[in-house]
Amino acid sequence: MHRNRKLVLGLGLMAFCITQAANGADLKSVIEMPDASAILKKDRLAPPKKYTMPAGCITTDLSAIARGEYIFHNLNGKKAKKSPPKGLPKYIVVNGKKKPKQYGNCVACHNIEGAIGGGNIGPDLHRYKELFIDTGVRSFQYVYQHIADPRVHNKNTHMTVNLTTGLFTPREICEIASYVVSDKKKD
Ligand code: HEC
Numbered sequence: 615m616h617r618n619r620k621l622v623l624g625l626g627l628m629a630f631c632i633t634q635a636a637n638g639a640d641l642k643s644v645i646e647m648p649d650a651s652a653i654l655k656k657d658r659l660a661p662p663k664k665y666t667m668p669a670g671c672i673t674t675d676l677s678a679i680a681r682g683e684y685i686f687h688n689l690n691g692k693k694a695k696k697s698p699p700k701g702l703p704k705y706i707v708v709n710g711k712k713k714p715k716q717y718g719n720c721v722a723c724h725n726i727e728g729a730i731g732g733g734n735i736g737p738d739l740h741r742y743k744e745l746f747i748d749t750g751v752r753s754f755q756y757v758y759q760h761i762a763d764p765r766v767h768n769k770n771t772h773m774t775v776n777l778t779t780g781l782f783t784p785r786e787i788c789e790i791a792s793y794v795v796s797d798k799k800k801d
């Protein structure tokens with residue numbers, strides 16, 4: 615009797631182990647088990663990158679400044695106010711699909727002349743030319759770098775990375791920078 619019970623227990627344990635092993639194998643075949651670390655690696659931002667401002671980057675050309683202004687004050691093509699100025703598309707094609715073009719939405723964090731609901735996570739950029747450029751506190755190169763990749767100036771910045779991420783082209787960064795440093799009407 616005692617012996618039999620041991621045998622039954624032993625057989626039961628064996629059966630349990632076999633089912634577990636089979637279940638394990640089954641689960642692996644039906645449940646996708648992606649390597650999370652590989653995914654995280656792929657999504658990780660590229661390291662901070664230093665840029666040299668291209669020649670002729672900062673301009674007083676009004677149409678370039680208008681594009682910079684539009685990018686600064688808008689989020690994306692779908693939610694953007696009015697039509698974008700000449701030379702700036704509302705939609706772009708990515709992998710054969712039409713998508714609203716992403717703009718800078720800088721007003722989410724910065725206040726500036728004409729901002730509607732400007733945020734205060736970043737510094738107020740009102741009178742930027744007068745206060746920071748004309749006084750020599752900031753250079754055009756600094757502004758270009760900060761918009762392109764602010765992590766070079768502050769590794770823990772909360773600001774968006776715009777050039778290293780490919781969100782904008784160098785020309786667009788120049789247009790946004792030109793808007794920031796432009797002489798604006800007081801409001
Ligand atoms: C999520 C918030 C956020 C967004 C969006 C944002 N910024 Fe910033 N910005 C900051 C913060 C915070 C700083 C302060 C410096 C730092 O930590 O990077 C800053 C600093 C700056 C400076 C440097 C000011 C100086 O002289 O020290 C400029 C210029 C600037 N931002 C422009 C822009 C532009 C242009 C955009 C849109 C393309 C933008 N920012 C979008 C948060 C933001």
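Numbering-wise (the numbering used here), the sequence shown opens with residue 615 and increments by one.
Just so you know, even glycine gets a beta-carbon here, dropped at the ideal spot from N, CA and C.
Distance cut-off 7 angstroms: residue i Cβ against heavy atoms of the ligand HEC
i: Thr771; result: yes
i: Pro662; result: no
i: Cys788; result: no
i: Arg681; result: no
i: Gly691; result: no
i: His760; result: yes
i: Arg741; result: no
i: Thr779; result: no
i: Cys732; result: Going by the sequence as given, residue 732 is Gly instead of Cys. Flag unset: Cβ of Gly732 not near the ligand HEC.
i: Asn725; result: no
Neighbourhood of residue i by C-beta, 6 angstroms cutoff - its chain only, sequence neighbours within 5 removed
i: Cys788; result: Cys671
i: Arg752; result: Phe746
i: Lys798; result: Glu727
i: Gly682; result: Glu789, Ile790, Ser792 and Tyr793
i: Cys723; result: Gly733, Ile735 and Gly736
i: Ala694; result: Asn688
Within 8 angstroms, strictly: CB atoms of residue i and residue j
i: Ala791; j: Leu777; result: no
i: Val644; j: Phe686; result: no
i: Pro764; j: Met773; result: yes
i: Ile719; j: Asn768; result: Note that residue 719 is Asn in the sequence shown here, rather than Ile. No, the Cβ-Cβ distance between Asn719 and Asn768 is not below 8 angstroms.
i: Met667; j: Tyr758; result: yes
i: Pro661; j: Val766; result: no
i: Leu589; j: Thr779; result: Since the first residue shown for the chain is 615 and the last is 801, residue 589 is missing from the structure and cannot be characterised.
i: Ser677; j: Lys692; result: no
Three-way DSSP call (helix, strand, coil) for residue i in this model
i: Ile706; result: strand
i: Ala776; result: Just to set this straight, residue 776 is Asn in the shown sequence, not Ala. Coil, per DSSP.
i: Lys712; result: strand
i: Asn690; result: strand
i: Asp801; result: Unreliable positioning characterises Asp801 in this predicted model, as indicated by a pLDDT of 49, which lies under 50. The coordinate reading is nonetheless provided below. The answer is coil: DSSP assigns Asp801 none of H, G, I, E or B.
i: Ile672; result: coil
Other residues of its chain near residue i: CB distance less than 7 angstroms, five sequence neighbours each side excluded
i: Asp801; result: Model confidence at Asp801 stands at a pLDDT of 49, short of 50, so the residue's coordinates are unreliable and nothing is read from them.
i: Leu781; result: Gln716
i: His760; result: His767
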